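Going down the list, the sequences are from chains A and B. Take the first sequence: its letters are residues 1 to 384, numbered as in my numbering. Take the second sequence: its letters are residues 385 to 771, numbered as in my numbering.
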Amino acid sequence: MNLRRVHAVAHKEWREVLRDRLFFTLAFVLPAVFMLLFGYGLSLDVENVPFAIVDHDRSAASRDYAYRFIGSRYFDFQGYVPDERALDPLLKDNRIRVAIVIPARFEENLLAGRAAQVQTLIDGTLPARAATTKGYVGAINAAASREQLAEYLARQRGLSPKSARDRVEPVRLEVRYLYNQSLSSLHSLAPKLIMLILMFVPPLLTAVGVVREKESGSIYNIYASTVSRGEFLTGKLVPYVGISVVNVLVLSLIATQVFGAPFKGSLPFFFAASVLFVACTTAIGLLVSLLVRTQLAATLVTVILTLVPALDYSGFFMPIPSLSPEGQIEAHLFPAMYYTNIVVGSFLKGVGLQTLWVELVVLFGYTVALFSVGYFLFSKRPRA
Amino acid sequence: MSKGIISAVMAWLRRLRVLTIKELLQFVRDPVLLLFMIWLFTGNIYMQGSSVSMQLTSASLWTHDADKSTASRELFYRFRPPYFRHDGEIVHPKEGLRLLDEGRAMALLEIPPGFEEALLRGEPTAVQMQVDGTHSVPGLLAASYAGRIVGEFGLEAALANEGLTAARLESVPVIRDEQRVWFNPNQKDTWFMPISELLEGITILSILLPAAALVREKERGTIEQLLVAPLSPLQIMLPKVLAMTAVILVGVSLSLFTVILPVFKVPVKGSLPLFYAVTALYVFANAGLGLFAATLARNLAQIGLLSLLIVAPIILLSGLWTPPEAMPAWLRLGTLVSPLRHYIDAAYGILLKGAGLELLWDSILALGMVGWMIFAFGVWRLRRQLG
């Protein structure tokens with residue numbers, strides 16, 4: 001491998017990127033804009049769920065119960081509705097996502113020391129949001145129920161209100177959130193956004209950059225030149241890896257300085273792993289560029305090939321064990337999951353090489369394998 | 385006079401037809417693109433629909449039992465699938481922290497010594513749970529499920545202490561909440577995910593395909609031929625949009641009738657013709673966006689990145705991934721001008737909820753208005769550029 005020729009190819013590629021002003025801007029602006037937009041926009045917290053109440057009882061107790069929901073920051077009260085039939089169009093038209101129906105004799109039952117029933121109707125179109133909503137409703141209802149029971153015990157057995165409350169809740173659950181004490185959605189998301197963006201922007205730039213030569217025909221200059229396969233591929237990729245390394249720094253700065261996410265791990269380890277990861281994703285772009293002929297196809301194939309694993313099989317929204325068995329296998333096949341562990345470990349957990357060496361080895365193997373396949377697929381004597 | 389108008393209209397329509405056929409031929413003759421589209425509408429939807437879940441299931445739980453009593457075992461036993469998966473017991477709390485560090489445990493439940501005794505004597509006690517907070521929503525869900533389990537366990541123990549068994553629960557004033565989930569009673573992700581993937585696929589293609597069709601002409605210089613032909617800018621643009629709308633509607637049928645309906649058994653409650661009509665409207669609106677992007681780009685490399693800059697936020701901020709209510713106000717306002725936001729309401733409304741025009745007219749009207757504005761803007765930009 002002749003370093004001068006590698007340099008010449010890299011220099012030519014860099015010039016091309018530099019002179020296409022829109023392409024150049026997008027290469028640096030696109031990642032930062034995505035980071036800011038998604039950081040602020042992808043708030044995962046389920047809050048302000050719009051809901052309505054049907055109160056057939058219209059008693060002090062039923063109003064009390066309703067106020068537990070109206071006053072909660074998780075719910076956004078849309079108003080009382082006369083009966084169940086009026087709920088159907090509201091749910092279908094997305095005006096509410098939960099409805100609470102309090103039947104008649106609610107107060108009477110409770111005062112007589114009998115169990116009372118309420119009904120909750122939940123819009124299940126988005127199953128994950130329905131599950132979270134169910135959890136909120138269940139928690140509010142359980143608190144209301146416990147209070148009723150405590151009052152009843154206090155009256156029946158002549159206990160003080162405090163000891164009655166202790167009686168009905170003998171076991172408390174003390175929860176501590178590790179790595180992210182306040183359970184901030186932004187802090188949890190910021191490192192994973194770095195992964196998401198580095199997963200699809202570098203390969204896209206690379207794939208389009210290489211296919212451009214094929215589509216415009218300028219690749220024949222390479223075929224006819226003394227530059228060897230390895231020299232051409234290395235020279236071609238160096239500028240894109242360089243751009244992506246700059247983006248690693250920019251994105252990390254946005255995560256810590258703008259979003260306020262902590263960085264608890266080792267900086268050299270994170271930087272080395274990130275350089276390896278962008279080399280790996282750049283190689284994905286290279287591979288795509290060798291398989292397709294047009295820039296349009298290169299764009300589409302790269303986006304699907306990288307964005308899908310980055311969003312669905314990386315632990316971006318859900319921990320890997322919550323995927324189906326097939327989903328877990330797919331997650332292990334793509335590099336996104338391994339780098340997710342590295343960013344999350346470096347930013348939030350403060351773990352380093354000792355815990356994450358397996359991830360590093362896998363990424364290294366992945367990169368070498370992709371480059372080798374690319375090397376064998378690229379031929380200076382293409383058929384047809 | 386009227387004859388002249390008729391023949392002019394006929395000529396206009398003939399040109400439209402010829403150019404539309406040209407676009408369709410060009411699309412079909414790009415095998416990679418064709419394969420990609422088929423994959424997006426079938427394989428991709430199948431893969432995502434069958435393996436991706438946005439719900440917390442099988443959260444990996446490890447336990448540390450310092451009490452080793454019947455009560456502690458009984459409590460552990462209640463942490464069961466689908467929410468939790470009991471992965472094992474640890475002897476020393478340090479071991480648990482290591483598992484959490486490595487990402488092998490989602491939560492660690494610790495029961496203190498003397499737990500059963502306190503319970504029997506009716507003294508308040510507490511169990512500790514450490515949850516991996518790097519996943520904010522799953523972390524919250526795990527804690528909320530655990531809270532419910534521990535709360536029920538405690539309540540039953542308390543009632544047993546008071547001499548009230550479960551059978552006599554009718555005779556105590558508790559509030560029982562009967563939860564019913566509508567439109568998807570078992571909260572199957574296989575009903576939600578495939579449709580969500582379909583809408584995303586339509587979004588990507590409806591912006592990128594018309595944009596690329598126009599930029600390709602610019603890059604190869606064939607746009608000059610179109611400009612010297614007796615065609616108005618609208619006549620140059622419309623065939624591209626029509627052809628790509630047709631292509632996408634064929635793709636939608638492919639995914640509906642080979643994957644979504646037969647494989648995932650999604651029950652379609654509303655009218656399919658209405659769904660097709662709304663989809664066509666949506667594709668038109670997005671095509672305007674694509675054509676606008678095409679006026680900004682000079683080559684295909686640029687249009688690829690530009691459309692991504694448009695598509696990615698539209699999809700990720702559409703409300704499919706995260707609830708729009710939780711967004712900051714300025715972004716929520718922004719999503720209202722995104723055609724996808726209205727299309728989602730209409731599409732899920734028709735397919736899963738069985739809503740008709742009488743309920744969805746406002747979403748469809750908004751989609752039409754946003755689409756018309758975007759399209760008019762695209763044509764205006766193109767007319768200026770070509771003129």
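From the three backbone atoms N, C-alpha and C, an ideal C-beta is built for every residue, glycine too. From a predicted model like this one, the values you see are computed outputs, not experimental measurements.
What residue range is occupied by the uninterrupted alpha helix (DSSP H) comprising residue i?
i, result
"residue 313/A", "Counting along the chain, residue 313/A falls outside any alpha helix (DSSP H), and DSSP gives it neither H nor E."
"residue 700/B", "684 to 700"
"residue 546/B", "Unbroken run through residue 546/B: none, as it is neither H nor E."
"residue 726/B", "723 to 735"
"residue 38/A", "21 to 41"
"residue 661/B", "656 to 680"
"residue 258/A", "First-last for residue 258/A: undefined, no H or E at that position."
"residue 108/A", "106 to 111"
"residue 714/B", "713 to 720"
"residue 425/B", "415 to 425"
"residue 378/A", "Run containing residue 378/A: none; DSSP gives neither H nor E here."
"residue 166/A", "161 to 168"
"residue 644/B", "Taken as a continuous stretch (DSSP letters only), residue 644/B belongs to no alpha helix (DSSP H), as it is neither H nor E."
"residue 270/A", "267 to 291"
Beta strand (DSSP E) containing residue i: first to last residue?
i, result
"residue 470/B", "468 to 473"
"residue 486/B", "That residue, residue 486/B, is in no beta strand (DSSP E); it is neither H nor E in DSSP."
"residue 561/B", "559 to 566"
"residue 174/A", "171 to 178"
With 16 as the cutoff for other CB atoms within 10 Å, does residue i come out buried or exposed?
i, result
"residue 774/B", "For residue 774/B there is no data in the structure shown, the boundaries of chain B being 385 and 771."
"residue 743/B", "buried"
"residue 409/B", "exposed"
"residue 357/A", "exposed"
"residue 601/B", "buried"
"residue 313/A", "buried"
"residue 97/A", "buried"
"residue 456/B", "buried"
"residue 727/B", "buried"
"residue 2/A", "exposed"
"residue 182/A", "exposed"
"residue 394/B", "exposed"
"residue 769/B", "exposed"
"residue 454/B", "exposed"
"residue 390/B", "exposed"
"residue 123/A", "buried"
In this structure, what does DSSP give as the bridge partners for residue i?
i, result
"residue 586/B", "In DSSP, residue 586/B forms no bridge with anything."
"residue 495/B", "449/B"
"residue 121/A", "99/A, 564/B"
"residue 54/A", "101/A"
"residue 513/B", "175/A, 493/B"
"residue 49/A", "75/A"
"residue 65/A", "According to DSSP, which records beta bridges pairwise, residue 65/A is partnered with nothing at all."
"residue 444/B", "469/B"
"residue 116/A", "559/B"
"residue 430/B", "Bridge partners of residue 430/B: none, in fact."
"residue 80/A", "53/A"
Thinking residue i and residue j are a contact (beta carbons under 8 Å), I'd like their distance in whole angstroms, please.
i, j, result
"residue 435/B", "residue 326/A", "5 Å"
"residue 101/A", "residue 54/A", "5 Å"
"residue 175/A", "residue 513/B", "5 Å"
"residue 227/A", "residue 17/A", "Not quite, the Cβ-Cβ distance comes to about 19 Å (not below 8 Å), so this is no contact."
"residue 429/B", "residue 588/B", "The pair is not a contact, with the Cβ atoms about 13 Å apart (cut-off 8 Å)."
"residue 298/A", "residue 208/A", "6 Å"
Sorry if obvious, but does the Cβ on residue i come closer than 8 Å to a heavy atom of the ligand NAD?
i, result
"residue 136/A", "Only the bare structure without any ligand can be found here, which leaves the ligand NAD out of the picture."
| field | Within 8 Å of chain A by C-beta, residues of the region 589 to 617 of chain B in sequence order | value | Answer set for the region 589 to 617 of chain B: 592, 596, 600.
Which residues, taken in chain order from the region 347 to 370 of chain A, show a beta carbon closer than 7 Å to some beta carbon of chain B? The residues in question are 348, 349, 351, 355.
* Asked: According to a CB-to-CB cut-off of less than 9 Å, which residues of the region 292 to 321 of chain A neighbour chain B?
  -> Flagged, chain order: 292, 293, 294, 295, 296, 297, 298, 299, 300, 301, 302, 303, 304, 307, 308, 311, 312, 313, 315, 317, 318, 319, 320, 321.
- Listed from N- to C-terminal order along the chain, which residues in the region 133 to 152 of chain A have their beta-carbon within a distance smaller than 7 Å of any beta-carbon of chain B? Cβ contacts with chain B come from 134, 135, 137, 138, 139, 141, 142, 144, 145, 148, 149, 152.
Could you please tell me which residues of the region 161 to 175 of chain A, in chain order, have their CB closer than 8 Å to any CB of chain B?
Considering only beta carbons, the part of the region 161 to 175 of chain A lying closer than 8 Å to chain B consists of 166, 167, 168, 169, 170, 171, 172, 173, 174, 175, in chain order.
Residues of the region 15 to 42 of chain A with Cβ closer than 9 Å to any Cβ of chain B, in chain order:
Hits within the stretch, in order: 20, 22, 23, 26, 27, 29, 30, 33, 34, 37, 38, 40, 41, 42.
Item to complete: With 7 Å as the C-beta to C-beta threshold (strictly closer), list the residues of the region 566 to 587 of chain B near chain A in chain order.
Response: Here the close residues are 566, 567, 568, 569, 571, 572, 573, 576.
Open item on the list: Using a Cβ-Cβ cutoff of 8 Å, what residues of the region 409 to 437 of chain B are near chain A? List them in chain order.
Closed with: Of all residues in the region 409 to 437 of chain B, 414, 416, 417, 420, 423, 424, 428, 431, 432, 434, 435, 436, 437 have a Cβ within less than 8 Å of some Cβ in chain A.
Quiz prompt | chain B contacts made by the region 106 to 122 of chain A, where a contact means CB separation under 7 Å | solution = Within the region 106 to 122 of chain A, 110, 113, 114, 115, 116, 117, 118, 119, 120, 121, 122 place their CB atoms closer than 7 Å to a CB of chain B, listed in sequence order.
>> At a CB distance below 7 Å, what residues from the region 492 to 517 of chain B approach chain A? Give them in sequence order.
In response: Going along the region 492 to 517 of chain B in chain order, one finds 503, 506, 508, 509, 510, 511, 512, 513, 514, 515, 516, 517 with a Cβ nearer than 7 Å to chain A.
Requested in this report: Compile a chain-ordered list of the residues in the region 691 to 708 of chain B whose CB is closer than 7 Å to at least one CB of chain A.
Outcome: From the region 691 to 708 of chain B, only 692, 693, 696, 697, 700, 701, 705, 706, 707 have a Cβ closer than 7 Å to chain A.
| request: Give, in chain order, every residue of the region 179 to 191 of chain A whose Cβ lies closer than 9 Å to some Cβ of chain B. | output: Of all residues in the region 179 to 191 of chain A, those with a C-beta nearer than 9 Å to a C-beta of chain B are 179, 180, 181, 182, 183, 184, 185, 186, 187, 188, 189, 191, reading in chain order.
query = When Cβ atoms are compared, which residues of the region 91 to 106 of chain A fall closer than 8 Å to chain B?
reply = Correct list: 91, 92, 93, 94.
*asked:* At a CB distance below 9 Å, what residues from the region 674 to 691 of chain B approach chain A? Give them in sequence order.
replied: Of all residues in the region 674 to 691 of chain B, the ones placed with a Cβ closer than 9 Å to any Cβ belonging to chain A are 680, 681, 682, 683, 684, 685, 686, 687, 688, 689, 690, 691, in chain order.
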